[in-house]
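Position in the sequence shown counted from 1, then plus 28, gives you the numbering used here.
Idealized CB from N, CA, C, for every residue including glycine.
Computed from a prediction, not measured in an experiment: that's the story for all the values here.
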Amino acid sequence: MDKSPDAFRTISEAADELDLPQHVLRFWETRFTQIKPLKRGGGRRYYRPDDVQLLKGIRHLLYDQGFTIKGVQRILKEQGARHVVAIGETGSIRPIAPQPHVEPAEAADAVEFVEIEAGHTLAAPVDNGEQRGPQATGLSDTQREALASALESLEQCRVLLDKART
């Protein structure tokens with residue numbers, strides 16, 4: 029006889045539904061404070077439907093997506109249990125931080141590809157005559173110097189690699 033979707037599940041029923049051993053569920057209770065089954069006399073555990081959904085999300089992240097326990101704990105802390113439940117339901121992971129949306133036309137207009145030497149191109153900001161000071165790029169003079177130094181080091185590495193290849 030199947031239970032109603034809103035019915036509480038014993039640990040054995042939850043473990044069967046998740047295809048996990050019972051001891052894994054007990055262990056997860058010690059690692060994920062969001063899992064709080066109801067405990068009755070004799071220490072018997074009853075999982076609410078929300079608990080089972082959260083367990084499905086945790087299982088998906090750990091077993092299907094390859095996250096560590098610390099990684100799942102971080103997602104729970106930063107995104108919340110509802111996010112993990114949604115992952116379990118949909119099987120997809122949204123980015124932890126929202127990514128800015130750039131229209132393709134804006135992105136294509138923002139850079140041009142410049143050939144810096146035979147066979148090598150570089151994406152460079154389009155020079156449309158606008159002032160290119162720190163306000164235009166958002167970089168301080170210190171950041172510019174650090175980038176210039178890094179670029180010089182990379183160019184020296186390229187020279188060494190070219191020598192090693194020949």
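Residue environment, residue i, which counts as buried when at least 16 other CB atoms sit within 10 Å
| i | result |
| --- | --- |
| Leu179 | exposed |
| Leu188 | exposed |
| Lys105 | exposed |
| Asp44 | exposed |
| Lys191 | exposed |
| Asp169 | exposed |
| Asp79 | buried |
| Leu83 | buried |
| Ala109 | buried |
Any chain B beta carbon closer than 9 Å to residue i
| i | result |
| --- | --- |
| Leu175 | The structure shown contains no chain B; it is built from a single protein chain. |
Distance, residue j Cα to residue i Cα
| i | j | result |
| --- | --- | --- |
| Asp30 | Pro65 | 20 Å |
| Phe95 | Ala35 | 30 Å |
| Gln184 | Arg172 | 18 Å |
| Pro33 | Ala174 | 58 Å |
| Ser177 | Arg186 | 14 Å |
| His51 | Tyr74 | 15 Å |
| Thr61 | Leu182 | 47 Å |
| Val19 | Arg76 | Outside the modelled stretch of the chain, which goes from 29 to 194, sits residue 19, for which no answer is possible. |
| Pro107 | Thr194 | Residue identity check: residue 107 is Gln in the sequence provided, not Pro. Each residue's alpha carbon lies about 52 Å from the other. |
Contact under 9 Å by Cβ, residue i with residue j
| i | j | result |
| --- | --- | --- |
| Gln81 | Glu57 | no |
| Ile115 | Arg59 | no |
| Ile63 | Leu53 | yes |
> Does the count of Cβ pairs from the region 36 to 43 and the region 85 to 100 closer than 8 Å reach three?
Replying inline: no
> Does the region 70 to 77 come close enough to the region 97 to 111 to have 3 or more Cβ pairs within less than 8 Å?
Replying inline: no
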